[in-house]
Amino acid sequence: MSNVPVRCLLSFSLFCVAAAVPVQARSWADVDALRWRLERNGVRVSQTDCQRGLQGAYDSRRNRLVVCRAHRSPGQVWNTLAHEAAHRMQDCAGGPISKPEYTQTMLSTLRRYSPEDVAALRAYPRRKQRSEIEARYTAQLAPQQVMRLFDRYCGARSA
1 MSNVPVRCLL
11 SFSLFCVAAA
21 VPVQARSWAD
31 VDALRWRLER
41 NGVRVSQTDC
51 QRGLQGAYDS
61 RRNRLVVCRA
71 HRSPGQVWNT
81 LAHEAAHRMQ
91 DCAGGPISKP
101 EYTQTMLSTL
111 RRYSPEDVAA
121 LRAYPRRKQR
131 SEIEARYTAQ
141 LAPQQVMRLF
151 DRYCGARSA
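First residue of the sequence shown? That's 1 in my numbering, and the numbers climb one at a time after it.
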């Protein structure tokens with residue numbers, strides 16, 4: 001276990017998601033479980049070749065999520081899938097999935113555990129940075145937490 005203090009960042013009545021602590025091993029079973037939730041929710045998930053530097057994308061107008069083929073491990077696929085699933089959660093929620101006062105704490109956690117994610121935020125317009133911080137933070141959570149968040153915000157709707 002990490003020595004990161006526990007704070008409720010993405011919270012709702014059933015449980016609290018603590019500060020993100022990277023879990024090194026993500027499995028193909030975790031990838032499949034999240035993909036299944038997305039597809040059950042009406043999102044078409046595919047893998048394709050992408051332009052250099054792009055890891056994945058979520059298109060809310062088409063209910064389509066793409067994971068780029070550049071990934072070589074289940075952990076890399078998980079990170080992109082969970083990140084894009086967070087954008088789907090934001091779509092389902094009609095906006096942010098965390099309280100504004102938690103944005104700085106999420107950003108501080110990302111600085112500590114995933115500085116490359118923080119550096120990548122510079123490529124986004126200021127108005128999109130909060131949603132990107134949430135997505136990048138969510139991708140660092142344990143798979144069970146991501147799936148519970150997805151179920152909370154997007155429910156068990158079927159396609």
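C-beta: ideal position from N, C-alpha, C; glycine also.
Delimiting residues of the alpha helix (DSSP H) encompassing residue i
i: A29; result: W28 to R40
i: Q144; result: P143 to C154
i: K99; result: Unbroken run through K99: none, as it is neither H nor E.
Proximity of residue i and residue j at Cβ, strictly below 8 Å
i: E39; j: G56; result: no
i: A33; j: M147; result: yes
i: I97; j: Y58; result: no
i: V77; j: S46; result: no
i: C68; j: L54; result: yes
i: R64; j: V43; result: yes
i: F150; j: M106; result: no
i: T138; j: A86; result: yes
Residue i - partner residues in DSSP beta bridges
i: A57; result: V66
i: R44; result: R64
Residue i versus the options, residue with shortest Cα-Cα distance
i: T48; options: A70, R37 and N63; result: A70
i: A120; options: S108, R127 and I133; result: I133
i: R140; options: D151, D117 and S131; result: The displayed chain sequence assigns Gln, not Arg, to residue 140. It is D117.
i: G75; options: D151, A142 and G155; result: A142
i: N79; options: R126, Q90, D151 and R136; result: R136
i: R61; options: Y102, D91, T109 and G155; result: D91
i: S131; options: S108, Y113 and P100; result: P100
i: G155; options: G95, R127, Q145 and N41; result: N41
Let me know the alpha helix (DSSP H) ranges lying completely inside the stretch 83-138, each 4 residues or longer, listed in chain order. DSSP runs (the alpha helix (DSSP H)) wholly in the stretch 83-138: 103-113, 115-120 and 126-138.
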